[in-house]
Structure formats: structure tokens, C-alpha cells
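These notes concern the structure reproduced below.
Residue numbers (our numbering): 4 to 349.
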């Protein structure tokens with residue numbers, strides 16, 4: 004008879020702060036970060052204008068020639084950092100949302116959060132409102148979608164199946180409105196809007212990197228603080244209430260954080276599909292149930308997926324496609340596979 008033992012953990016005490024971590028899970032995170040670093044290095048070197056590692060180092064030291072500096076610092080580096088941060092934000096958002104509803108087949112792009120962010124961003128593109136307002140407008144759209152879903156779901160408490168069904172309906176409505184806005188816009192804006200809706204890293208710049216980095220620096224610590232009560236919620240509402248978890252407060256707080264992460268990602272590149280759905284599931288398969296290390300692993304894997312998809316479009320295809328097309332091509336079959344294997348009901 005097999006005996007199941009708990010995974011050993013270690014403690015680190017710094018004054019009044021005590022940290023606990025599991026070496027195996029932390030090793031998964033470190034491996035994923037190393038893979039992201041390696042993939043990023045390849046992205047810097049390869050392309051129409053190939054650079055050697057020595058030339059890359061010269062650029063970082065401020066000694067590179069003008070052409071190499073332009074290619075690395077203005078084109079490749081902001082693009083790969085945007086890919087890593089967008090993938091991390093989407094995957095982090097997806098894991099929180101799946102934890103809230105206790106359903107691995109739910110993500111921000113399925114229940115309308117990404118659609119709300121996308122609708123507001125498209126409004127700005129169509130009406131030529133300054134692009135620095137895209138990020139706050141996308142967050143407002145995602146938050147509006149979340150509040151609509153929450154309001155239509157609330158009946159003294161939150162019914163998880165009802166929340167999912169309402170979210171699917173909101174997603175359809177916002178998607179229809181987005182399509183309408185692209186049809187009534189100016190012809191020169193429609194092409195740009197469609198490229199953005201497909202999830203493209205084409206115009207990524209340092210402004211996108213700054214907004215993503217600052218937003219994640221604020222949202223990720225807040226999400227980490229609520230991961231423990233989220234773990235308790237996975238045991239069921241009655242058990243969570245029994246140990247003092249304020250269910251609706253925790254769920255609403257996590258929903259806001261999930262919205263923020265999804266919105267800032269969508270504002271930078273458009274909705275890159277299925278990252279928020281399949282990456283959290285993969286992270287749980289590798290490292291177990293949701294906790295801080297698994298959440299960080301999910302974000303690292305999300306960055307790898309989006310950067311990898313972008314590199315495929317740049318180097319393996321005869322013409323450049325939005326990264327969102329690649330992730331959707333991978334994610335849609337994976338979603339059907341999960342639906343078949345898990346038998347989870349929406």
C-alpha cells in the first residue's frame with residue numbers, strides 16, 4: 004500500500020516575517036524563468052538582422068553601433084519584454100479567475116472580461132482618442148464587465164454556475180458591440196483595429212513595457228496576499244466560512260485583481276486568446292494546486308507561450324501573423340481536450 008507524504012518545506016525568517024516555500028515548486032519556477040531568459044536571448048539575436056551575443060552585450064554596455072542599438076533597444080527588447088509581461092499577466096489573471104469559480108475551463112476571454120477591455124480600447128482607436136488613455140480605458144471596460152457579471156449574478160450570494168453563464172452572455176454582447184464599432188469606423192482605422200483584436204505585438208514599445216511593469220508591480224503583490232484564502236475557498240464555501248474566510252470580499256478583491264491583469268495585457272497587445280485558459284491548467288499539472296509558487300510558475304509559462312508564439316510568427320512562417328492567432332490555434336484544441344478529459348460542466 005502506497006503512503007502519501009506531504010512535500011517537505013523550508014522556512015526563512017527575516018525579523019517578524021516568516022516565509023515558507025517548497026523546494027520542488029520553487030525549482031519549477033526557476034526553470035521556467037531560465038527558459039524565458041533563454042528564449043528572450045534567442046529573440047534578441049535572431050531576425051532579419053542577425054546579431055552575435057557579443058554585439059548584444061556591446062549594445063547593453065552602450066558601445067554598440069547605431070544600427071545594432073536601434074534593432075535591440077527600440078525593436079526587439081521592448082517587443083520581447085511586452086510578450087513576457089502580457090503572457091504573465093494573462094496567465095496570472097486566468098489562474099485567479101479559475102480559482103474564484105473553481106472551474107478550470109473558465110478564463111477572462113470566455114466570460115467577457117477581455118471583451119469589455121477590448122471594446123473600450125477599440126472605441127479609443129476608432130475615435131482617435133490619445134493612445135495613452137488605452138490602458139485606463141481597457142481597465143474601465145474590464146471592470147464594467149466584471150461589475151455587470153457580478154451584479155447580474157448576485158442573489159444574496161454568488162452562484163458560481165450562474166456567474167459563468169452570465170459571463171458567457173456578457174462576452175457575446177461585448178463582442179458584438181466591438182464588431183459593430185470596427186464596421187462603422189474609418190477604413191484606415193479598421194485595419195489597425197482588426198490587427199489589434201487578433202492580439203499583435205507589432206507596435207510594442209517602451210510605453211507598453213512601462214505600463215505593464217508598473218501595473219504588475221502593484222497587482223501581483225495584492226494577488227499574492229489573497230492566495231491563501233483562495234486556497235481555502237477551493238475546499239468549498241462552507242469550509243471556507245467555517246475558518247473565517249469572508250467569501251464575497253475575497254472573491255470580489257480577486258476579481259478586481261484578475262480584471263486589472265487582463266485589462267493591462269489587453270490594452271498593450273489586444274486580446275491574445277487562450278493563454279489565460281490553458282497556461283494555469285498546465286502550471287497546476289506540473290506543480291499542484293494553486294499557491295504562490297504555482298501562480299508565479301503560471302505567469303512565467305504564460306510569458307514563454309506568448310513570446311514563443313511571437314517568435315513562430317516572426318521566424319518560422321513566410322509572413323508575420325499576430326501572436327494571438329498562434330495561441331488560439333494551440334488553445335482551441337486544448338480547450339476541447341480539457342473539456343473531454345475533465346468532464347467539467349460549465
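Idealized CB from N, CA, C, for every residue including glycine. The structure displayed is predicted, hence computed values, not measured ones.
Along the alpha helix (DSSP H) that carries residue i, what are the first and last residues, could you check?
{"i": "residue 59", "result": "56-63"}
{"i": "residue 231", "result": "230-236"}
{"i": "residue 298", "result": "295-318"}
{"i": "residue 267", "result": "250-272"}
{"i": "residue 119", "result": "116-129"}
{"i": "residue 82", "result": "80-104"}
{"i": "residue 185", "result": "163-187"}
{"i": "residue 240", "result": "240-245"}
{"i": "residue 49", "result": "Here residue 49 belongs to no alpha helix (DSSP H), and DSSP marks it neither H nor E."}
{"i": "residue 284", "result": "278-290"}
{"i": "residue 202", "result": "Residue 202 -> no alpha helix (DSSP H), and no H or E assigned at all."}
{"i": "residue 321", "result": "From DSSP, residue 321 is part of no alpha helix (DSSP H); its letter is neither H nor E."}
{"i": "residue 110", "result": "Element bounds for residue 110: n/a, residue is neither H nor E."}
{"i": "residue 144", "result": "137-156"}
{"i": "residue 72", "result": "69-72"}
Who are the Cβ neighbours of residue i in its own chain at under 6 Å, not counting the five residues just before and after it?
{"i": "residue 327", "result": "201, 202, 275, 276"}
{"i": "residue 145", "result": "116, 119, 120, 262, 265, 266"}
{"i": "residue 95", "result": "264, 302"}
{"i": "residue 82", "result": "204, 207"}
Enumerate in chain order the residues of its own chain whose CB-to-CB distance from residue i is below 7 Å, with the five nearest sequence positions on each side excluded.
{"i": "residue 285", "result": "304"}
{"i": "residue 177", "result": "115, 118, 119, 122, 148"}
{"i": "residue 7", "result": "Confidence in residue 7 is poor, its pLDDT being 38 and thus under 50, which makes the residue's placement unreliable; the coordinate value appears in the next sentence. So the list is empty, once near-sequence residues are dropped."}
{"i": "residue 180", "result": "122"}
{"i": "residue 256", "result": "229"}
Would a C-beta distance cut-off of 8 Å place residue i and residue j closer than the cut-off?
{"i": "residue 79", "j": "residue 46", "result": "yes"}
{"i": "residue 92", "j": "residue 268", "result": "yes"}
{"i": "residue 77", "j": "residue 67", "result": "no"}
{"i": "residue 234", "j": "residue 294", "result": "yes"}
{"i": "residue 281", "j": "residue 337", "result": "yes"}
{"i": "residue 129", "j": "residue 184", "result": "yes"}
{"i": "residue 174", "j": "residue 125", "result": "no"}
{"i": "residue 75", "j": "residue 89", "result": "no"}
{"i": "residue 272", "j": "residue 134", "result": "no"}
Drop a sphere of 10 angstroms on the beta-carbon of residue i, count the other beta-carbons inside from all chains shown, and report buried for 16 or more, exposed for fewer.
{"i": "residue 319", "result": "exposed"}
{"i": "residue 226", "result": "buried"}
{"i": "residue 22", "result": "Here residue 22 scores only 48 on pLDDT, less than 50, and its place in the model should not be relied on; the value that follows carries that caveat. The residue in question, residue 22, is exposed, as its Cβ has fewer than 16 Cβ neighbours within 10 Å."}
{"i": "residue 325", "result": "buried"}
{"i": "residue 220", "result": "exposed"}
{"i": "residue 343", "result": "exposed"}
{"i": "residue 53", "result": "exposed"}
{"i": "residue 228", "result": "exposed"}
{"i": "residue 199", "result": "buried"}
{"i": "residue 164", "result": "exposed"}
{"i": "residue 131", "result": "exposed"}
{"i": "residue 31", "result": "buried"}
{"i": "residue 241", "result": "exposed"}
{"i": "residue 214", "result": "buried"}
{"i": "residue 43", "result": "buried"}
{"i": "residue 65", "result": "exposed"}
{"i": "residue 56", "result": "exposed"}
Excluding the 5 residues flanking residue i on each side, which residues of the same chain have their C-beta closer than 8 Å to its C-beta?
{"i": "residue 39", "result": "87, 303, 306, 307, 310"}
{"i": "residue 330", "result": "202, 275, 276, 277, 278, 308, 309, 312"}
{"i": "residue 111", "result": "93, 96, 97, 100, 117, 145, 261, 262, 265, 279"}
Does the distance between the C-beta of residue i and the nearest non-hydrogen atom of the ligand ATP fall short of 7 Å?
{"i": "residue 268", "result": "Of ligands this structure carries none, so the ligand ATP is not represented either."}
Establish whether the CB of residue i and some CB of chain C are separated by less than 8 Å.
{"i": "residue 317", "result": "Here there is only one protein chain, and chain C is not present."}
Per the contact definition of three or more C-beta pairs closer than 8 Å, is the region 167-181 in contact with the region 133-142? No: the two stretches stay apart, fewer than three of their Cβ pairs being nearer than 8 Å.
Please confirm if the region 291-300 is in contact with the region 313-326, defined as three or more CB-CB distances below 8 Å between the two stretches. no
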